[in-house]
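Chemist: Numbering (the numbering used here), first residue to last: 18 to 427. Below: one structure in structure tokens.
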Ligand SMILES: NC(=O)c1ccc[n+]([C@@H]2O[C@H](COP(=O)([O-])OP(=O)(O)OC[C@H]3O[C@@H](n4cnc5c(N)ncnc54)[C@H](O)[C@@H]3O)[C@@H](O)[C@H]2O)c1
């Protein structure tokens, strides 16, 4: 498995080196993610087989890849020759029988443990023992997916973000039994594909979906407690914090049901840790069918043209809250919780500080990484803010990570 690692924007000879290392790539599941991943792998020079058990789904997905490549040509980002060559490298298949021997197979079927386990067991039997078997799961433990695989050291997570051709971030997830050599090799391969890989262990939510939890949760709690209305909280996080969207408008954009499902999954996988407990506000929205933009209403109500109806921020209130006590300062309170979550992840050895910051900047477009933010605010200040919150709201949600003050993350 030792070979040179070409950098991003690799020249043809370097692409050939990658191809000879990993050879053909298999992608299982031709939905939103699988099609995009196939496009990325084919553009990087690999022959790709795209498998979907629904008749015609892989062919339809390849047509969509063709349209996406054409748009890139029209925008001048790809030559017509390269686009045609990439498209010609993708072959459809309707079962795992159609997969040739691959260097890497990436599974992107729906988030269902039993289905994924079945696919991995089958892949492990059919593919050579050196084939790396990767899952694009957003939330399932890598070790569980590898349960029925005789040699689980070759199973790992490759968590692409949506849409894969556009989003640079890929979380490379190492299960307890994954061999480090495979993680290193696949990390290098992602770089050769022009991606920005970060590494983490198979911790609930990986990096992005774990560290982002309080961004949503604190905003919901502050609205629930009547500290401020949604529009004012969103305005503060956007205008004073530099986040591209406020947390409440972002959950409307993602879908309240989708966001609640991710949060609930992290909460369940952490033995119902109070830090990740879903809020009544969000549960209520989902029960009422207020799923966000897609259903016409969520935290906000949307007009037919998508405009938000009647949600003006109260700027006088915002001026009073920001810089005041941490319990009622949406920005300070959110940042304290984000820093705490990030520091905790790093201190437990789940990911490096740099990788956490990179993941949050690229995966959810935070203006700064939370560790960098913690350094700026001061980890001791964050610890004091959390202690104040812990007194105001006992129960464990705001307990400061010991790593904020013991010097293990700096
Ligand atoms: N959609 C996102 O934003 C996103 C982002 C990151 C990760 N993910 C993860 O990626 C995976 C796929 O998500 P998606 O949104 O692309 O799903 P999707 O529903 O759009 O596509 C899944 C595809 O898999 C096919 N499929 C189902 N069972 C199969 C089987 N046994 N063999 C072959 N094909 C099968 C389906 O026909 C479908 O075309 C999930 O694990 C999801 O959690 C999704």
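Backbone N, C-alpha and C fix where the C-beta goes; we use that ideal spot for every residue, glycine too.
1) Mapping DSSP to helix, strand and coil, what is residue 63?
2) Does at least one heavy atom of ligand 1 sit under 7 Å from the Cβ of residue 128?
3) Less than 7 Å separating the Cβ of residue 155 from some heavy atom of ligand 1?
4) So which of 223, 137 and 187 has the shortest CA-CA distance to residue 122?
5) Cβ of residue 339 within 8 Å of Cβ of residue 346?
6) What's the gap between the Cα of residue 424 and the Cα of residue 200?
7) For residue 140, which residues of its own chain have a beta-carbon under 6 Å away from its beta-carbon, when the five flanking residues on both sides are left out?
8) Is residue 183 near ligand 2, judged by its Cβ being under 7 Å from some heavy atom?
9) Where does residue 332 land, buried or exposed, given buried means 16+ other C-beta within 10 angstroms?
10) Output the distance between the C-alpha atoms of residue 231 and residue 97, rounded to the nearest integer angstrom.
11) In its own chain, which residues sit with a C-beta less than 8 Å from the C-beta of residue 385, not counting the 5 before and 5 after it?
12) With a threshold of 7 Å, establish whether the CB of residue 177 neighbours any heavy atom of ligand 1.
13) Look up residue 58 in the DSSP assignment and say whether it is helix, strand or coil.
14) Could you tell me the boundaries of the beta strand (DSSP E) in which residue 16 lies?
15) Quick one: using the 10 Å Cβ neighbour count with 16 as the cut-off for buried, is residue 264 buried or exposed?
16) Would residue 166 and residue 176 qualify as a contact pair, given that the criterion is a beta-carbon distance under 8 Å?
17) Looking at the structure shown, is residue 151 part of a helix, part of a strand, or coil, going by DSSP?
18) Can you name the start and end residues of the alpha helix (DSSP H) that residue 157 belongs to?
19) DSSP puts residue 177 in a beta bridge; with which residues?
20) Within 7 Å: the Cβ of residue 239 and any heavy atom of ligand 1?
21) Would you tell me roughly how many angstroms separate the C-alpha atoms of residue 289 and residue 216, rounded to the nearest one?
22) Residues in its own chain within less than 8 Å of residue 118 by CB, not counting five upstream and five downstream?
23) Considering only their Cβ atoms, is the gap separating residue 127 from residue 76 smaller than 8 Å?
24) Looking at C-alpha atoms only, which residue of 403, 66 and 419 is the closest neighbour of residue 235?
25) To the nearest angstrom, report how far apart residue 197 and residue 245 are at their CA atoms.
26) According to DSSP, simplified to helix, strand and coil, what is residue 241?
27) Please go through the same chain and pick out, in chain order, the residues whose beta-carbon is closer than 8 Å to the beta-carbon of residue 26, but skip the five residues on each side of it.
28) Would you say the beta carbon of residue 48 comes nearer than 7 Å to a heavy atom of ligand 1?
29) For the candidate residues 276, 337 and 293, whose alpha-carbon lies nearest to that of residue 302?
30) Could you give the first and the last residue of the continuous alpha helix (DSSP H) run that contains residue 356?
Modeler: On the basis of the coordinates in this document:
1) On the chain shown, position 46 is the one that residue 63 refers to. Residue 63 falls in the coil class under three-state DSSP.
2) Taking the first residue of the chain shown as position 1, residue 128 is located at position 111. For ligand 1, at least one heavy atom lies less than 7 Å from the Cβ of residue 128.
3) Counted from its first residue, the chain shown places residue 155 at position 138. Yes, the beta carbon of residue 155 sits closer than 7 Å to at least one heavy atom of ligand 1.
4) To locate residue 122, count along the chain shown from 1; it is residue 105. In terms of Cα proximity to residue 122, the closest of 223, 137 and 187 is 137.
5) By 1-based counting over the chain shown, the position of residue 339 is 322. By 1-based counting over the chain shown, the position of residue 346 is 329. Result yes, Cβ atoms of residue 339 and residue 346 sit closer than 8 Å.
6) Here residue 424 corresponds to residue number 407 of the chain shown, with the count starting at 1. Here residue 200 corresponds to residue number 183 of the chain shown, with the count starting at 1. Cα to Cα, residue 424 sits roughly 29 Å from residue 200.
7) Start at 1 with the first residue of the chain shown, and residue 140 comes out as number 123. The residues are 122 and 150.
8) Because ligand 2 does not appear in the structure shown, any question about it cannot be addressed here, the ligands present being ligand 1.
9) For the purposes of this step, residue 332 is taken as residue 315 along the chain shown, with counting starting at 1. Residue 332 should be labelled exposed.
10) Taking the chain shown and counting its residues from 1, the one referred to as residue 231 is at position 214. Taking the chain shown and counting its residues from 1, the one referred to as residue 97 is at position 80. Computed Cα separation, rounded: 45 Å.
11) Your numbering for residue 385 matches position 368 in the chain shown. Excluding positions up to five away in sequence, the list reads 259, 374, 378 and 393.
12) For the purposes of this step, residue 177 is identified with residue 160 of the chain shown, where counting begins at 1. Within the cutoff, so yes.
13) Taking the chain shown and counting its residues from 1, the one referred to as residue 58 is at position 41. Here residue 58 sits in helix by DSSP.
14) Any answer about residue 16 is impossible in this case: the structure gives the chain only from 18 up to 427.
15) Residue 264 sits at position 247 when you count from the first residue of the chain shown. With 16 or more other Cβ atoms within 10 Å, it is buried.
16) The sequence position of residue 166 within the chain shown is 149, counting from 1. The sequence position of residue 176 within the chain shown is 159, counting from 1. The answer is no: Cβ separation not under 8 Å.
17) Residue numbering aside, residue 151 sits at position 134 when the chain shown is read from its first letter. In this structure, residue 151 counts as strand in the three-state DSSP scheme.
18) To locate residue 157, count along the chain shown from 1; it is residue 140. Element bounds for residue 157: n/a, residue is neither H nor E.
19) Counting from 1 along the chain shown, the entry for residue 177 is found at position 160. Paired residue(s): 187.
20) Taking the first residue of the chain shown as 1, we reach residue 239 at position 222. Taking the Cβ of residue 239 as the reference point, every heavy atom of ligand 1 lies at 7 Å or farther away.
21) Translated into positions along the chain shown, residue 289 becomes position 272. Translated into positions along the chain shown, residue 216 becomes position 199. Those two C-alpha atoms are separated by around 25 Å.
22) Residue 118 sits at position 101 when you count from the first residue of the chain shown. Only 40, 41, 144, 145 and 148 meet the Cβ criterion.
23) By 1-based counting over the chain shown, the position of residue 76 is 59. By 1-based counting over the chain shown, the position of residue 127 is 110. Taking 8 Å as the Cβ cut-off, residue 76 and residue 127 do not qualify as a contacting pair.
24) On the chain shown, position 218 is the one that residue 235 refers to. Minimum Cα-Cα distance from residue 235 among the listed residues 403, 66 and 419 corresponds to 403.
25) Residue mapping note: residue 197 aligns to position 180 of the chain shown, counting from 1. Residue mapping note: residue 245 aligns to position 228 of the chain shown, counting from 1. Each residue's alpha carbon lies about 47 Å from the other.
26) Locating residue 241 in the chain shown gives position 224, counting from the first residue. Note: residue 241 maps to helix in three-state DSSP.
27) Here the question's residue 26 lines up with position 9 in the chain shown. Annotation note: pLDDT 35 at residue 26 (below 50); position unreliable, coordinate value reported separately. 211.
28) For the purposes of this step, residue 48 is taken as residue 31 along the chain shown, with counting starting at 1. Yes, ligand 1 has a heavy atom inside 7 Å of this Cβ.
29) Reading the chain shown from its first residue, position 285 is the one you call residue 302. It is 276 whose Cα lies nearest to the Cα of residue 302.
30) Residue numbering aside, residue 356 sits at position 339 when the chain shown is read from its first letter. Segment 347 to 364, the alpha helix (DSSP H) holding residue 356.
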